[in-house]
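Line by line, the protein sequences are chains A and B.
At the far end of the first sequence sits residue 147, using my numbering, and the numbering has no gaps.
At the far end of the second sequence sits residue 298, using my numbering, and the numbering has no gaps.
The beta carbon of each residue, even a glycine, is placed where N, CA and C say it ideally should be.
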Amino acid sequence: MILEPITPIQAIGGGLLIGAGAALLLLLSGRIAGVSGLAAAAAGIADRGPSWAQSVSFVIALPIGALVVSHSLRQVSVEVTSSAPLLIAAGLLVGFGTRLGNGCTSGHGVCGTARLSPRSISATLTFMALGLATVFIVRHVIGVVV
Amino acid sequence: MRHVLPGLVAGLLFGAGLALSDVINPARVLAFLDVDGAWDPTLALVAAGAFVPSAAAYWLSRRMSRPLMAHYFRIPQSRVVEPQLLAGAAIFGIGWGLVGFSPGAGIAALAFGFTLWQPWVFVLAMLGGMVLHRFDEDKRRHPLRISA
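Set out below in structure tokens:
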């Protein structure tokens with residue numbers, strides 16, 4: 002798979018924007034920007050966490066922010082080669098896992114590690130390890146590029 | 151407004167960051183996770199970039215009596231690493247490695263949903279997984295009520 006490289010400036014700049022979003026939610030609303038928690042609250046699945054109004058606003062703004070970048074700073078392409086059954090399996094695992102583990106790449110990865118939470122650091126190392134292992138098995142053991 | 155404005159601004163910045171850094175693109179994420187193939191290390195720069203404002207905001211929050219638009223900081227205080235935290239993170243990691251979508255990337259990718267069906271399938275399945283967890287949790291909390 003040949004990927005158009007992105008510049009280090011885009012990578013660091015994108016990271017800074019993600020961190021700035023998390024920083025604002027913390028300083029304005031006192032809340033951790035965990036996308037899985039916000040998505041669950043927006044869908045009415047969570048029994049605690051951010052308010053419905055806030056989570057819906059966040060979830061709607063997320064793709065709008067991506068569109069703005071795609072029309073201004075960088076031509077964005079989303080390349081998915083996975084089949085529908087694989088997307089469903091991955092979605093179910095991501096949904097269930099993030100609720101059981103109380104967070105995902107944002108809540109644990111971006112917010113939790115930045116405050117050196119032992120829970121978030123353990124969670125981040127765990128999902129990184131399993132993500133790496135899954136890609137290794139799928140691509141190099143089973144031998145399919147999905 | 152007190153809830154909507156911070157949600158909108160944070161979501162816009164977050165989504166813009168996912169798009170600019172290409173975390174929105176599963177092919178990029180899988181290339182980052184594929185250390186044995188043509189490894190693409192750029193996502194490490196994204197994580198480093200995100201760490202800085204996030205850590206700065208946390209540092210600042212410890213010196214503020216309350217957030218600017220709410221009464222309390224609601225920062226998780228538990229330091230206990232329990233089995234279900236690691237089990238959940240492991241399950242999430244497998245799903246993340248299968249396709250390359252995190253929850254944030256999947257939802258942000260809906261921006262291209264007029265021409266791309268895959269993010270819709272992923273996000274709907276993700277919500278399904280969250281509902282399954284909710285059922286499971288309710289059953290543990292109220293075993294009699296559910297089985298009756």
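Give a yes or no on whether 8 Å exceeds the smallest Cβ distance from I143(A) to chain B.
Taking the first sequence and counting its residues from 1, one reaches residue 143(A) at position 142. With 8 Å as the cut-off, I143(A) does not count as an interface residue toward chain B.
Alpha carbons only, please: which of V202(B), R216(B), A166(B), I241(B) is nearest the one belonging to G66(A)?
Position 65 of the first sequence, counted from the first residue, corresponds to residue 66(A). Per the Cα distances, A166(B).
Exposed or buried, W246(B), counting other C-beta atoms within 10 Å across all chains shown (16 or more means buried)?
Indexing the second sequence from 1 puts residue 246(B) at position 96. Per the 10 Å Cβ criterion, buried.
Starting from the beta carbon of Q76(A), find every residue of chain B whose beta carbon is closer than 9 Å, and list them in chain order.
Translated into positions along the first sequence, residue 76(A) becomes position 75. The contacting residues do not exist; Q76(A) stays about 10 Å from chain B at best.
Check distances from the C-beta atoms of the segment 245–257 of chain B to those of chain A and list, in chain order, the residues that come in under 9 Å.
Listed in sequence order: G245, W246, G247, L248, V249, G250, F251, S252, P253, G254, A255, G256, I257.
Decide if the segment 258–266 of chain B is in contact with the segment 162–177 of chain B; the criterion is three or more beta carbon pairs, one per stretch, under 8 Å apart.
Put simply, the segment 258–266 of chain B touches the segment 162–177 of chain B. At least three CB pairs are less than 8 Å apart.
If you measure beta-carbon to beta-carbon, which residues of the segment 223–235 of chain B are closer than 8 Å to chain A?
Those residues of the segment 223–235 of chain B that come within reach of chain A (Cβ to Cβ, closer than 8 Å) are F223, R224, I225, P226, S228, R229, V230, V231, Q234, L235.
Can a CB atom of chain B be found closer than 8 Å to the CB of A41(A)?
For the purposes of this step, residue 41(A) is taken as residue 40 along the first sequence, with counting starting at 1. A Cβ of chain B is located within less than 8 Å of the beta carbon of A41(A).
Nearest by alpha-carbon distance to A115(A): which of A21(A), G15(A), P6(A) is it?
Position 114 of the first sequence, counting from 1, holds the residue named residue 115(A). Looking at the Cα atoms, A21(A) is the closest of the given residues.
Measuring straight from C-alpha to C-alpha, what distance separates G278(B) and P156(B)?
Residue numbering aside, residue 278(B) sits at position 128 when the second sequence is read from its first letter. Residue numbering aside, residue 156(B) sits at position 6 when the second sequence is read from its first letter. Just so you know, the alpha carbons of G278(B) and P156(B) end up roughly 27 Å apart.
Proximal residues of chain A, C-beta to C-beta of R178(B) below 7 Å
Taking the first residue of the second sequence as 1, we reach residue 178(B) at position 28. Chain order gives the chain A residues near R178(B) as L4, where near means a beta carbon separation below 7 Å.
Could you check what DSSP says for R32(A) in three-state terms: helix, strand or coil?
Taking the first sequence and counting its residues from 1, one reaches residue 32(A) at position 31. The answer is strand: DSSP assigns R32(A) an E or B state.
Going by DSSP, what residues sit across from R224(B) in a beta bridge?
To locate residue 224(B), count along the second sequence from 1; it is residue 74. Answer is R32(A), bridged to R224(B).
Alpha helix (DSSP H) runs wholly inside the segment 203–278 of chain B, at least 4 long, in chain order
If we require 4 residues or more, the alpha helix (DSSP H) runs fully inside the segment 203–278 of chain B come out as 233–249, 253–258.
Presumed contact (8 Å Cβ cut-off) between S107(A) and V60(A), rounded CB distance
Stepping through the first sequence from its first residue, residue 107(A) is reached at position 106. Stepping through the first sequence from its first residue, residue 60(A) is reached at position 59. S107(A) to V60(A), Cβ: 12 Å. No contact.
Is the beta carbon of L88(A) closer than 8 Å to that of V381(B)?
As displayed, chain B neither begins before 151 nor continues past 298, which places residue 381(B) out of reach and without an answer.
By Cβ distance, which residues of its chain are closer than 7 Å to V70(A), with the 5 residues on each side in sequence left out?
On the first sequence, position 69 is the one that residue 70(A) refers to. If we look at V70(A) and ignore the five residues flanking it on each side, its Cβ neighbours are V77.
Nearest-angstrom Cα distance between S297(B) and G45(A)?
Taking the second sequence and counting its residues from 1, the one referred to as residue 297(B) is at position 147. Taking the first sequence and counting its residues from 1, the one referred to as residue 45(A) is at position 44. Legend: pLDDT at S297(B) = 46, less than 50; position of this residue unreliable, no value from coordinates given.
Against chain A, with Cβ distances strictly below 8 Å, would H153(B) count as a contact?
Taking the second sequence and counting its residues from 1, the one referred to as residue 153(B) is at position 3. Interface residue, yes.
As assigned by DSSP and simplified to three states, the class of H153(B)
Counting from one through the second sequence, the residue named residue 153(B) turns up at place 3. The three-state secondary structure of H153(B), taken from DSSP, is coil.
What is the rounded straight-line gap between the Cα of L90(A) and the Cα of R213(B)?
Along the first sequence, one-based indexing puts residue 90(A) at 89. Along the second sequence, one-based indexing puts residue 213(B) at 63. In the sequence under discussion, the amino acid at residue 90(A) is Ala, which differs from the Leu named in the question. It is roughly 43 Å from the alpha-carbon of A90(A) to the alpha-carbon of R213(B).
For Q268(B), count the other beta carbons within 10 Å of its own beta carbon; 16 or more makes it buried, fewer makes it exposed. Which is it?
The sequence position of residue 268(B) within the second sequence is 118, counting from 1. Q268(B) should be labelled buried.
Between the segment 3–22 of chain A and the segment 195–204 of chain B, are three or more C-beta pairs nearer than 8 Å?
Inter-segment contact for the segment 3–22 of chain A and the segment 195–204 of chain B is present: three or more beta-carbon pairs are separated by less than 8 Å.
Can you tell me which of the three DSSP states D286(B) falls into?
Sequence index remark: in the second sequence, residue 286(B) carries index 136 (1-based). Here DSSP, grouped into helix, strand and coil, assigns D286(B) to helix.
Limits of the alpha helix (DSSP H) - the one that V111(A) falls within
Translated into the one-based positions of the first sequence, residue 111(A) becomes position 110. Where V111(A) is concerned, there is no enclosing alpha helix (DSSP H), because DSSP gives it neither an H nor an E.
Would you tell me roughly how many angstroms separate the C-alpha atoms of A200(B) and R120(A), rounded to the nearest one?
For this step, residue 200(B) is matched to residue 50 along the second sequence. For this step, residue 120(A) is matched to residue 119 along the first sequence. Distance between the alpha carbons of A200(B) and R120(A) is about 19 Å.
For M219(B), which residues of its own chain have a beta-carbon under 7 Å away from its beta-carbon, when the five flanking residues on both sides are left out?
Residue numbering aside, residue 219(B) sits at position 69 when the second sequence is read from its first letter. Only R152, P156 meet the Cβ criterion.
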